[in-house]
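**Student:** Have a look at this one.
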Amino acid sequence: MSMLWAFIGAALWLAGCGERIEPGRVEGQAAVIRAAVETARAAPEPVEFEAAGTVQSEVSGLIAAKTLGTVTEVRVREGDRVRRGDLLVLVDPRQADARVREAEAALAEVRRAEAAARAGRDAAASAAALAEATWRRYRDLWAKEATSRQEYEEVEARRLQAEAERRRADEFAAAAADGVRRAEAALALARAAAADARLTAPYDGLVAARLVEPGELAAPGRPLLRLEMEGGLLVAVHLPEAAASAAVPGAAVRVEAGEASHRGVIERASPAADPVSRTVLLKIRLPREATLRPGAYVRVAVPLGAAPRIAVPLTALLRRGQLTGLFVLDDSGIARFRLVRTAPLGGDRAAVLAGLSEGERYVVEPPSALADGMRVESPS
1112 MSMLWAFIGA ALWLAGCGER IEPGRVEGQA AVIRAAVETA RAAPEPVEFE
1162 AAGTVQSEVS GLIAAKTLGT VTEVRVREGD RVRRGDLLVL VDPRQADARV
1212 REAEAALAEV RRAEAAARAG RDAAASAAAL AEATWRRYRD LWAKEATSRQ
1262 EYEEVEARRL QAEAERRRAD EFAAAAADGV RRAEAALALA RAAAADARLT
1312 APYDGLVAAR LVEPGELAAP GRPLLRLEME GGLLVAVHLP EAAASAAVPG
1362 AAVRVEAGEA SHRGVIERAS PAADPVSRTV LLKIRLPREA TLRPGAYVRV
1412 AVPLGAAPRI AVPLTALLRR GQLTGLFVLD DSGIARFRLV RTAPLGGDRA
1462 AVLAGLSEGE RYVVEPPSAL ADGMRVESPS
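Going by my numbering, the residue at position 165 of the sequence shown is 1276; the numbering climbs one at a time, nothing skipped.
Printed below as a string of structure tokens:
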């Protein structure tokens, strides 16, 4: 029995040792950690509207076929740089070239006919002039009764015949000249058709898309290539009507592509809103040093003015998976982790849109050991 009581006493002594409170610590008191604390204050901050945009070339166009035929050669691929006048696509030119040769031959023939007509006109004009002069002499002689009536009438008949032949020669020469003009027009048309079979670059640019391959059939209006002019780049972005009304041409905007950030300038806005989406198309000019490609996805931050906002240092924000939060202190100085919704302000601060009220205290740089429920004391 004495051994049993001894065992129970030892157990009670060990249990008492396990509940012993360390010197300097009150039972139930939260752990204390020292960290910088600030009070949330609202101040006027720039307000931005963020939207997705697409990079566009300032000038972009489709190179379309102008004639019917088989594509025999495509000399460029996507990404190739071309200069104005470079041959891009060749449509089978044999028929067009044959029509050019036929038109050239027809023009040469009518020009020879015109030359003969001019010579005949000149000869008829000379004959008519001679017949006129002869008739005048015989008229004078007839008036002096120095020639017979028959001779005078024969000379007058020859004059009238020569004049009629001159008029016919003039008409024939005019018809021949008209034939030359028609043949020249036909040749110009044939040469234009032959030129249409050779598609060239209308300006210096970059081939954005190759839409045809050799052997395929080209028809008038069918797109064969898409060409983007080198140089100026624009961003097209659609904004809600309320946000678009505050976007002023000439205002600077922030354009972000991945980790890169560029300063764009609002160039123009569509004068009318889309009746379906209720948005307004905005065009933003990028700086020349921007190395973005047409079609690239970007984020655009359009300034809308200023409004009171609570701003906190980026160091106060912590990531928990896909969520963002910070440590807020209650009236007792106990840290509570709270989720917040933020927006970038630029630099090393962010605006807190929800989750933090003015006058609340938060931890500026949470130590790695800080946990929910710990007491925070600000260093003196």
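In this text, a Cβ means the ideal position worked out from N, Cα and C, and glycines have one as well.
#1: Answer yes or no: do G1470 and A1151 have a C-beta to C-beta separation smaller than 8 Å?
#2: Between the segment 1256-1263 and the segment 1282-1299, are three or more C-beta pairs nearer than 8 Å?
#3: Would D1307 pass as a contact of K1177 if the rule is Cβ separation under 8 Å?
#4: Can you find at least 3 beta carbon pairs, one from the segment 1331-1342 and one from the segment 1356-1365, that sit closer than 8 Å?
#5: Distance, Cα to Cα, P1478 vs R1410?
#6: Answer with buried or exposed for Q1549, where buried requires no fewer than 16 other C-beta atoms within 10 angstroms of its C-beta.
#7: Would you list the one or two residues that DSSP bridges to Q1206?
#8: Taking the alpha helix (DSSP H) that L1527 falls in, what are its first and last residues?
#9: Which stretch, first to last residue, makes up the alpha helix (DSSP H) that contains S1168?
#10: For R1277, I'd like the list of residues in its chain whose CB is within less than 6 Å of its CB, leaving aside the five on either flank, ordered along the chain.
#11: Using the three-state DSSP reduction, which class does T1150 fall into: helix, strand or coil?
#12: If G1466 and V1348 are in contact, beta carbons under 8 Å, what's the gap, nearest whole angstrom?
#13: In chain order, what residues of the same chain have a beta carbon less than 8 Å from the beta carbon of E1274, not counting five sequence neighbours either side?
#14: Within 10 angstroms of the Cβ of A1301, are there 16 or more other Cβ atoms? Answer buried if so, exposed if not.
#15: Whole angstroms are fine: how far does the CA of T1390 sit from the CA of R1379?
#16: May I ask which residues mark the beginning and end of the alpha helix (DSSP H) holding A1357?
#17: Which same chain residues end up closer than 6 Å to P1490 when comparing Cβ atoms and leaving out the 5 residues on each side of it in sequence?
#18: Return the CA-CA distance between A1383 and A1353, expressed in angstroms with no decimal places.
#19: Under a three-way DSSP split, which group does G1484 fall into?
#20: Taking the beta strand (DSSP E) that T1074 belongs to, which residues open and close that run?
#21: Counting C-beta neighbours from all protein chains within 10 Å, is the total for Y1408 16 or more, i.e. buried, or is it exposed?
#22: With DSSP as the reference, label V1318 as helix, strand or coil.
#23: Comparing alpha-carbon positions, which option in F1448, D1442, P1398 lies nearest L1428?
#24: Given a cut-off of 8 Å on the beta-carbon distance, is the pair E1156 and A1418 in contact?
#25: Between the segment 1198-1218 and the segment 1308-1323, can you find at least three pairs of beta-carbon atoms closer than 8 Å?
#26: Measuring alpha carbon to alpha carbon, tell me which residue in T1426, Y1473, V1423, A1454 is nearest L1440.
#27: Which same chain residues, not among the five before or five after L1325, have their C-beta less than 7 Å away from its C-beta?
#28: Look at the alpha carbon of V1366 and the alpha carbon of V1487, and state the distance between them as a whole number of angstroms.
#29: Specify the secondary structure class of E1052 as computed by DSSP and reduced to three states.
#30: What is the DSSP secondary structure of A1347, counted as helix, strand or coil?
#31: Give the secondary structure of L1428 by DSSP, where H, G and I count as helix, E and B as strand, and everything else as coil.
#32: From E1138 to E1476, what distance separates their C-alpha atoms?
#33: On a CA-only basis, which of L1179, L1350, V1364 is nearest A1412? Give me that one, please.
#34: Could you please give me the residues that DSSP links to K1255 through a beta bridge?
#35: So, E1189 versus A1320, is the Cβ gap smaller than 8 Å?
#36: Report all residues from its chain with a CB closer than 8 Å to the CB of A1147; omit the five preceding and five following residues, and keep chain order.
**Tutor:** Considering the structure as presented:
#1: The sequence position of residue 1470 within the sequence shown is 359, counting from 1. The sequence position of residue 1151 within the sequence shown is 40, counting from 1. For G1470 and A1151, yes; Cβs fall inside 8 Å.
#2: no
#3: On the sequence shown, position 196 is the one that residue 1307 refers to. On the sequence shown, position 66 is the one that residue 1177 refers to. Cβ distance < 8 Å, so D1307 and K1177 count as in contact.
#4: no
#5: The sequence position of residue 1478 within the sequence shown is 367, counting from 1. The sequence position of residue 1410 within the sequence shown is 299, counting from 1. Roughly 33 Å between the two C-alpha positions.
#6: Coverage of the chain is limited to positions 1112 through 1491, which leaves residue 1549 absent and any answer about it impossible.
#7: Looking up residue 1206 in the sequence shown gives position 95. Paired residue(s): none; Q1206 is not in a bridge.
#8: No answer is possible for residue 1527: the residues shown for the chain start at 1112 and end at 1491.
#9: The residue given as residue 1168 occupies position 57 in the sequence shown. Note, S1168: premise wrong, no alpha helix (DSSP H); beta strand (DSSP E) at 1153-1168.
#10: Walking along the sequence shown from the start, residue 1277 turns up at place 166. Around R1277: A1235, A1236, A1239.
#11: As a working mapping, residue 1150 is identified with position 39 in the sequence shown. The three-state reading of DSSP puts T1150 in strand, counting E and B together.
#12: Taking the sequence shown and counting its residues from 1, one reaches residue 1466 at position 355. Taking the sequence shown and counting its residues from 1, one reaches residue 1348 at position 237. About 29 Å; that fails the 8 Å criterion.
#13: The residue given as residue 1274 occupies position 163 in the sequence shown. Answer for E1274: A1239, A1242, E1243, listed in chain order.
#14: As a working mapping, residue 1301 is identified with position 190 in the sequence shown. Classification of A1301: buried, given that the 10 Å Cβ count is 16 or more.
#15: Here residue 1379 refers to the residue found at position 268 when the sequence shown is read from its first residue. Here residue 1390 refers to the residue found at position 279 when the sequence shown is read from its first residue. Rounded to the nearest angstrom, the two C-alpha atoms are 14 Å apart.
#16: Locating residue 1357 in the sequence shown gives position 246, counting from the first residue. DSSP places A1357 inside the alpha helix (DSSP H), whose first and last residues are 1352-1357.
#17: Here residue 1490 refers to the residue found at position 379 when the sequence shown is read from its first residue. The residues are R1145.
#18: Taking the sequence shown and counting its residues from 1, the one referred to as residue 1383 is at position 272. Taking the sequence shown and counting its residues from 1, the one referred to as residue 1353 is at position 242. Taking the straight line from one Cα to the other gives about 13 Å.
#19: The count along the sequence shown starts at 1 and reaches residue 1484 at position 373. In the three-state reduction of the DSSP assignment, G1484 falls in the coil class.
#20: Here the chain covers residues 1112 to 1491 and nothing more, so residue 1074 does not appear.
#21: In the sequence shown, the residue the question calls residue 1408 occupies position 297. Exposed, because fewer than 16 other Cβ atoms sit within 10 Å of the Cβ of Y1408.
#22: The residue given as residue 1318 occupies position 207 in the sequence shown. Reduced to three states, the DSSP call for V1318 is strand.
#23: Reading the sequence shown from its first residue, position 317 is the one you call residue 1428. Checking every option, the nearest Cα to that of L1428 belongs to F1448.
#24: Taking the first residue of the sequence shown as position 1, residue 1156 is located at position 45. Taking the first residue of the sequence shown as position 1, residue 1418 is located at position 307. Here E1156 is near A1418, since their CB atoms are less than 8 Å apart.
#25: yes
#26: As a position in the sequence shown, residue 1440 is number 329, starting the count at 1. With distances taken between Cα atoms, L1440 lies closest to Y1473.
#27: For the purposes of this step, residue 1325 is identified with residue 214 of the sequence shown, where counting begins at 1. One point to set straight first is that residue 1325 is Pro, not Leu, in the sequence displayed. Result list for P1325: V1182, T1183, E1184, V1185, in chain order.
#28: Indexing the sequence shown from 1 puts residue 1366 at position 255. Indexing the sequence shown from 1 puts residue 1487 at position 376. V1366 and V1487: Cα-Cα distance of roughly 40 Å.
#29: As shown, the chain starts at 1112 and ends at 1491. That puts residue 1052 outside it, with no answer to give.
#30: In the sequence shown, the residue the question calls residue 1347 occupies position 236. In the structure shown, A1347 sits in a strand (DSSP, three-state: E or B).
#31: As a working mapping, residue 1428 is identified with position 317 in the sequence shown. Three-state DSSP puts L1428 in coil, outside helix and strand.
#32: Working through the sequence shown from its first residue, we reach residue 1138 at position 27. Working through the sequence shown from its first residue, we reach residue 1476 at position 365. In this prediction, E1138 has a pLDDT of 44, which is less than 50 and means its spatial position is unreliable; what the coordinates show is noted afterwards. Approximately 29 Å between the Cα atoms of the pair.
#33: Along the sequence shown, read from residue 1 onward, the residue named residue 1412 stands at position 301. Answer by Cα proximity: V1364.
#34: The residue you call residue 1255 lines up with position 144 of the sequence shown. Its beta-bridge partners do not exist; DSSP assigns none.
#35: The sequence position of residue 1189 within the sequence shown is 78, counting from 1. The sequence position of residue 1320 within the sequence shown is 209, counting from 1. Going by C-beta atoms, E1189 is nearer than 8 Å to A1320.
#36: If you number the sequence shown from 1, residue 1147 lands on position 36. V1474, V1475, E1476, S1489, P1490, listed in sequence order.
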